[in-house]
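Data block below; observations after.
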Amino acid sequence: MTTHGGFEPVFCTIVPPHVLDRLAQAEDPALARPARRTLQRDAFERTQRRLTTVIGATAAAAVADGRPQRTVHDARHGTDLPGHKVRGEGDKPGKDATVNRAYAGLGATFELFLQAYRRDSIDGNGLPLNATVHYDRDYNNAFWNGEQMVFGDGDGEIFLDFTIPIDVIGHELAHGVTQYTANLTYFGQPGALNESLSDVFGALIKQYTLGQTAAEADWLIGAGLLAPRVTGTALRSMKEPGTAYDDDVLGKDPQPATMDDFVRTGRDNGGVHINSGIPNHAFHLAATALGGHAWERAGQVWYDVLTGGELRQDAMFTDFATLTVKAARERFGDGEELDAVSKGWEQVGVRTL
Amino acid sequence: MRIQVRRTGGFAGIERHAEVDTSGRSDASEWHALAEQAVAAGRSTPPVGVPDGFSYQLTVDGRTVYCADPRLTDEQRKLISRVLKEGA
Numbered sequence: 164m165t166t167h168g169g170f171e172p173v174f175c176t177i178v179p180p181h182v183l184d185r186l187a188q189a190e191d192p193a194l195a196r197p198a199r200r201t202l203q204r205d206a207f208e209r210t211q212r213r214l215t216t217v218i219g220a221t222a223a224a225a226v227a228d229g230r231p232q233r234t235v236h237d238a239r240h241g242t243d244l245p246g247h248k249v250r251g252e253g254d255k256p257g258k259d260a261t262v263n264r265a266y267a268g269l270g271a272t273f274e275l276f277l278q279a280y281r282r283d284s285i286d287g288n289g290l291p292l293n294a295t296v297h298y299d300r301d302y303n304n305a306f307w308n309g310e311q312m313v314f315g316d317g318d319g320e321i322f323l324d325f326t327i328p329i330d331v332i333g334h335e336l337a338h339g340v341t342q343y344t345a346n347l348t349y350f351g352q353p354g355a356l357n358e359s360l361s362d363v364f365g366a367l368i369k370q371y372t373l374g375q376t377a378a379e380a381d382w383l384i385g386a387g388l389l390a391p392r393v394t395g396t397a398l399r400s401m402k403e404p405g406t407a408y409d410d411d412v413l414g415k416d417p418q419p420a421t422m423d424d425f426v427r428t429g430r431d432n433g434g435v436h437i438n439s440g441i442p443n444h445a446f447h448l449a450a451t452a453l454g455g456h457a458w459e460r461a462g463q464v465w466y467d468v469l470t471g472g473e474l475r476q477d478a479m480f481t482d483f484a485t486l487t488v489k490a491a492r493e494r495f496g497d498g499e500e501l502d503a504v505s506k507g508w509e510q511v512g513v514r515t516l
Numbered sequence: 013m014r015i016q017v018r019r020t021g022g023f024a025g026i027e028r029h030a031e032v033d034t035s036g037r038s039d040a041s042e043w044h045a046l047a048e049q050a051v052a053a054g055r056s057t058p059p060v061g062v063p064d065g066f067s068y069q070l071t072v073d074g075r076t077v078y079c080a081d082p083r084l085t086d087e088q089r090k091l092i093s094r095v096l097k098e099g100a
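Heads up: the protein sequence lines correspond to chains F and L, in order. With this note's numbering applied, the first sequence covers 164 to 516. With this note's numbering applied, the second sequence covers 13 to 100.
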């Protein structure tokens, strides 16, 4: 590893990380801030190591011709990645609907980034898109492992197949885009921004595929993923965070919509899937205020910030919000876009500087 | 032996917790062997996982270790899935 010029470790190697975890949750900002910085730095360095590996491994395979290069693998209920190749680019659909959905979802995601933002794949340079389906048994999750997407089948009791909602596929690939661009640390507020960006682009991929306007869209993440016995419509709602489900087994959707209800927790990497409700809602407010296709203006502003080079890895909500206001002005001038973006953040209680 | 598993994170961000008390169980020795191997391969602090990956906290008789998807040992994976399935 090379050195990180200028960075001074706060508690590194002296205070054990579990103590940092406790401190990071402390009420006193003097205690919490340095601990959080250290934890974030730790997270950042792990991500960097992974990123370096990924870039090194894929640079040779890049084909920048504006066409996707998709491969879907089948883990056959095991956990070895990537598993057995079952469908390559241009191959005809097979009998496995899960494989076909993953293939189509990869294509839809590629299309949105190319057509709307002129981005050639997740790295901007034709990176091959790989997905593995049927991971493990009854596996209630989907994730991005730094190199590819991985989808479980769900247990059928709470969750169904994770390839069902196209926004889930888009969400995972968007983690790849974030990794190759702003590379937001997956912890605390930068982690919640990382999560929110995946929800935003996941939702936009669904809307783009369905040709929906902001007013027509459901703004749900994971609609169709919950098993019939679960009381809920989806996993998250960008329109009304905190209302996606309320169930005996799952509990209630914990997402806040505004800063007044920001959740401080050490779990879930510092609440990355919880507090993402706040920037999610700000995007929804801006997009619906503007109307029309959300990927064209609100989405463009968010994309400009994600890829513009000014968004720091440890950005807080205020930093991100401020950059969206700047990006809206740079791209669209002093018009309704600037107004919609500013008001969106104001309504969720995030300051812009 | 008291074996507790707490799972956090994941795409849904929904937490799950379950525990198994092996006292009086006919398969106690099997649980003990599995739990000891799983804990031995654990970390003393939570690793920062991959985006949307599950994070796990394993506590065996008061000692807590951490691990995260997709980098689990076979024993950790087996223990976690058994406790979450059979535990209360």
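Glycine included, each C-beta is placed from N, C-alpha and C at the ideal position.
Positions along the stretch 226-244 of chain F whose CB lies within less than 9 Å of some CB in chain L: T242 and L244
Contacts of R430 (chain F) in chain L (Cβ-Cβ under 7 Å): In the first sequence, the residue the question calls residue 430 (chain F) occupies position 267. For a Cβ distance threshold of 7 Å, residue set T20 and E27 of chain L lies close to R430 (chain F), ordered along the chain.
Residues bridged to R233 (chain F) (per DSSP): Residue 233 (chain F) sits at position 70 when you count from the first residue of the first sequence. According to DSSP, which records beta bridges pairwise, R233 (chain F) is partnered with F:L292.
R250 (chain F) CB to nearest heavy atom of the ligand FAD below 6 Å: Inclusion of the ligand FAD in the displayed structure is not the case, the ligand content being empty and no account of it being possible.
Cβ separation of A449 (chain F) and G507 (chain F), assumed to be a contact under 8 Å, to the nearest whole Å: Taking the first sequence and counting its residues from 1, the one referred to as residue 449 (chain F) is at position 286. Taking the first sequence and counting its residues from 1, the one referred to as residue 507 (chain F) is at position 344. Going by Cβ atoms, the distance from A449 (chain F) to G507 (chain F) rounds to 4 Å, so yes, they are a contact pair.
Residue nearest to H297 (chain F) in terms of C-alpha spacing, selected from F:G287, F:D286, F:V313 and F:P291: Translated into the one-based positions of the first sequence, residue 297 (chain F) becomes position 134. Closest option to H297 (chain F), Cα to Cα, is F:V313.
Straight-line Cα distance separating D237 (chain F) from L244 (chain F): Against the first sequence, residue 244 (chain F) aligns to sequence position 81. Against the first sequence, residue 237 (chain F) aligns to sequence position 74. Cα to Cα, L244 (chain F) sits roughly 9 Å from D237 (chain F).
Cβ pair R94 (chain L), Y78 (chain L) closer than 7 Å: Numbered from 1 along the second sequence, position 82 holds the residue referred to as residue 94 (chain L). Numbered from 1 along the second sequence, position 66 holds the residue referred to as residue 78 (chain L). The answer is no: Cβ separation not under 7 Å.
Selected residue, minimal CA-CA separation from G65 (chain L), among L:D33, L:T34 and L:R83: For this step, residue 65 (chain L) is matched to residue 53 along the second sequence. For G65 (chain L), the nearest C-alpha among the options comes from L:R83.
Under 7 Å between C-beta atoms of L290 (chain F) and S284 (chain F): As a first step, residue 290 (chain F) is located in the first sequence; it is residue number 127 there, counting from the start. As a first step, residue 284 (chain F) is located in the first sequence; it is residue number 121 there, counting from the start. Less than 7 Å separates the beta-carbon of L290 (chain F) from that of S284 (chain F).
Distance between Q311 (chain F) and R19 (chain L) (C-alpha atoms, nearest Å): Residue mapping note: residue 19 (chain L) aligns to position 7 of the second sequence, counting from 1. Residue mapping note: residue 311 (chain F) aligns to position 148 of the first sequence, counting from 1. Whole-angstrom Cα-Cα distance: 22 Å.
Contact set between the stretch 434-450 of chain F and chain L, restricted to residues whose Cβ is under 7 Å from the partner: Against chain L - using a Cβ distance shorter than 7 Å - the residues of the stretch 434-450 of chain F are H436 and I437.
Extent of the continuous alpha helix (DSSP H) to which Y408 (chain F) belongs: Sequence index remark: in the first sequence, residue 408 (chain F) carries index 245 (1-based). No alpha helix (DSSP H) contains Y408 (chain F), which DSSP labels as neither H nor E.
Paired residues, beta bridge with A80 (chain L) - DSSP: Numbered from 1 along the second sequence, position 68 holds the residue referred to as residue 80 (chain L). A80 (chain L) pairs with L:S67 and L:R83.
Rounded straight-line distance, which links the Cα of S67 (chain L) to that of G22 (chain L): Counting from one through the second sequence, the residue named residue 22 (chain L) turns up at place 10. Counting from one through the second sequence, the residue named residue 67 (chain L) turns up at place 55. Approximately 8 Å, taken between the alpha carbons.
Separation of N263 (chain F) from D410 (chain F), as counted between CA atoms: Walking along the first sequence from the start, residue 410 (chain F) turns up at place 247. Walking along the first sequence from the start, residue 263 (chain F) turns up at place 100. D410 (chain F) and N263 (chain F) have their C-alpha atoms some 31 Å from each other.
Unbroken alpha helix (DSSP H) run spanning F306 (chain F), endpoints: The residue labelled residue 306 (chain F) in the question sits at position 143 within the first sequence. Not the alpha helix (DSSP H): F306 (chain F) falls in the beta strand (DSSP E), residues A305 to W307.
Pair within 7 Å by beta-carbon distance, A390 (chain F) and L398 (chain F): Walking along the first sequence from the start, residue 390 (chain F) turns up at place 227. Walking along the first sequence from the start, residue 398 (chain F) turns up at place 235. Result no, Cβ atoms of A390 (chain F) and L398 (chain F) do not sit closer than 7 Å.
Straight-line Cα distance separating G61 (chain L) from D81 (chain L): Along the second sequence, one-based indexing puts residue 81 (chain L) at 69. Along the second sequence, one-based indexing puts residue 61 (chain L) at 49. Cα to Cα, the separation comes out at about 7 Å.
Alpha-carbon spacing of G512 (chain F) relative to G365 (chain F), whole angstroms: Here residue 512 (chain F) is taken as the residue at index 349 of the first sequence, counted from 1. Here residue 365 (chain F) is taken as the residue at index 202 of the first sequence, counted from 1. Near 24 Å, if we compare the C-alpha coordinates of G365 (chain F) and G512 (chain F).
Other residues of its chain near R213 (chain F): CB distance less than 6 Å, five sequence neighbours each side excluded: Taking the first sequence and counting its residues from 1, one reaches residue 213 (chain F) at position 50. Residue placement at R213 (chain F) is flagged as unreliable, the pLDDT there being 48, under the threshold of 50; the coordinate-derived value follows with that caveat. Result list for R213 (chain F): G309, in chain order.
Buried or exposed by the 16-neighbour rule on C-beta atoms within 10 Å, applied to Q278 (chain F): Within the first sequence, the letter at position 115 stands for residue 278 (chain F). Flag for Q278 (chain F) reads exposed.
Nearest-angstrom Cα separation, counted from R430 (chain F) out to P58 (chain L): Taking the first residue of the second sequence as 1, we reach residue 58 (chain L) at position 46. Taking the first residue of the first sequence as 1, we reach residue 430 (chain F) at position 267. In a straight line, the C-alpha of P58 (chain L) is about 10 Å away from that of R430 (chain F).
Pairwise C-alpha distance: T71 (chain L) and A100 (chain L): By one-based count along the second sequence, residue 100 (chain L) stands at place 88. By one-based count along the second sequence, residue 71 (chain L) stands at place 59. Between A100 (chain L) and T71 (chain L), the C-alpha separation is close to 14 Å.
Rounded separation between A445 (chain F) and V363 (chain F) - CA only: As a working mapping, residue 445 (chain F) is identified with position 282 in the first sequence. As a working mapping, residue 363 (chain F) is identified with position 200 in the first sequence. Approximately 10 Å, taken between the alpha carbons.
Under the three-state DSSP convention, the category S41 (chain L) falls into: Residue mapping note: residue 41 (chain L) aligns to position 29 of the second sequence, counting from 1. The answer is helix: DSSP assigns S41 (chain L) an H, G or I state.
Closer than 7 Å to chain L by CB, Y343 (chain F): Residue numbering aside, residue 343 (chain F) sits at position 180 when the first sequence is read from its first letter. Judged by the 7 Å Cβ criterion, Y343 (chain F) is not in contact with chain L.
Partner residues on chain L for M335 (chain F), Cβ-Cβ distance less than 9 Å: Start at 1 with the first residue of the first sequence, and residue 335 (chain F) comes out as number 172. A quick correction: the sequence has Glu, not Met, at residue 335 (chain F). By Cβ distance, chain L contributes F23, P63 and D64.
Proximal residues, the stretch 300-313 of chain F versus chain L, C-beta separation under 9 Å: The residues in question are R300, D301, N303, N304, A305, F306, W307, N308, G309 and V313.
Best match in F:I327, F:T344, F:L323 and F:M401 for proximity to V393 (chain F) [C-alpha to C-alpha]: What you label residue 393 (chain F) is simply residue 230 of the first sequence in a count that begins at 1. Here the closest residue by C-alpha is F:L323.
Assigned secondary structure, I174 (chain L) (DSSP; H/G/I helix, E/B strand, else coil): Outside the displayed span of chain L (13 to 100) sits residue 174 (chain L), for which this structure offers no information.
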